[in-house]
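Okay, structure first, notes after.
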Amino acid sequence: MWTVSGRPEGAADPPEPGGGVDRSIRGVFAAALGLEAIVVGLALLVLPKFTEAPSGAGIAIIGALAVAMLVAAGLQRRPWGLAVALLLQAAVIVAGFVLVPALGVMGVVFAGVWAFLLWVRHDVARRQAAGELPAQQVREQ
Numbered sequence: 734m735w736t737v738s739g740r741p742e743g744a745a746d747p748p749e750p751g752g753g754v755d756r757s758i759r760g761v762f763a764a765a766l767g768l769e770a771i772v773v774g775l776a777l778l779v780l781p782k783f784t785e786a787p788s789g790a791g792i793a794i795i796g797a798l799a800v801a802m803l804v805a806a807g808l809q810r811r812p813w814g815l816a817v818a819l820l821l822q823a824a825v826i827v828a829g830f831v832l833v834p835a836l837g838v839m840g841v842v843f844a845g846v847w848a849f850l851l852w853v854r855h856d857v858a859r860r861q862a863a864g865e866l867p868a869q870q871v872r873e874q
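In this note's numbering, the protein residues as written are 734 to 874.
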């Protein structure tokens with residue numbers, strides 16, 4: 734059945750002008766987690782260069798962090814997905830300084846990336862609330 738608005742009954746409302754900030758940035762968060770998972774996984778290749786014999790625990794921790802990041806990338810649509818991502822970020826930094834110093838350095842670099850992404854999220858949300866986004870501007874016909 735059709736409604737007065739011209740959409741089928743039960744159809745979702747169209748997105749607000751400017752789109753949802755959280756929905757847009759979650760894709761970027763997921764992509765960042767995917768890239769970070771690759772970097773963490775590559776740490777397995779350099780682990781033997783920093784220790785004489787890589788421990789099974791070190792391999793398991795690094796592998797688990799990489800897999801957890803891939804899982805967390807899929808969880809970014811959940812309201813608590815960002816918290817999981819930030820906890821994993823802290824875990825990478827700690828594991829880096831305990832297991833492979835190069836991983837710790839990359840963890841700090843990715844912490845900077847996450848800080849930038851959070852700043853962008855805040856700035857876009859502020860601009861959307863003020864109606865300053867280009868998609869929110871009324872176009873003259």
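Glycine included, each C-beta is placed from N, C-alpha and C at the ideal position.
Using the Cα positions of Gln-822 and Arg-872, report the straight-line distance between them to the nearest angstrom.
-> Rounded to the nearest whole angstrom, the CA to CA distance from Gln-822 to Arg-872 is 42 Å.
Close Cβ partners of Val-841 (< 7 Å) along its chain, the five nearest in sequence each way excluded | So the qualifying residues of the chain are Ile-826.
In angstroms with no decimal places, state the Cα-to-Cα distance between Leu-803 and Gly-767.
-> One C-alpha to the other measures close to 6 Å.
If you run the structure through DSSP and keep just helix, strand and coil, what is Gln-869?
-> The three-state reading of DSSP puts Gln-869 in helix, counting H, G and I together.
So is Leu-820 buried or exposed if we call it buried at 16+ other beta carbons inside 10 Å?
-> Per the 10 Å Cβ criterion, exposed.
How far does the alpha helix (DSSP H) with Ala-828 in it reach, from first residue to last?
-> Annotation: the continuous alpha helix (DSSP H) that includes Ala-828 extends over 814–831.
Note down the Cα distance separating Pro-781 from Phe-830, rounded to an integer number of angstroms.
-> Computed Cα separation, rounded: 15 Å.
Below 8 Å between beta carbons: does that hold for Ile-678 and Ala-770?
-> Because the chain in this structure spans residues 734 to 874, residue 678 falls outside the shown range and cannot be described.
Inter-residue CB distance, Ile-758 and Arg-854 (contact presumed, cutoff 8 Å) = So it is a contact: roughly 5 Å between Cβ atoms.
Specify the secondary structure class of Ser-788 as computed by DSSP and reduced to three states.
-> DSSP places Ser-788 in coil when its eight states are reduced to three.
Between the Cα of Val-779 and those of Ala-848, Phe-849, Gly-845, Val-833, spot the shortest distance and give me the residue it belongs to.
-> Ranking the options by Cα distance to Val-779, first place goes to Val-833.
Where does Gly-807 fall in DSSP's three states?
-> Gly-807: helix per DSSP, three-state reduction.
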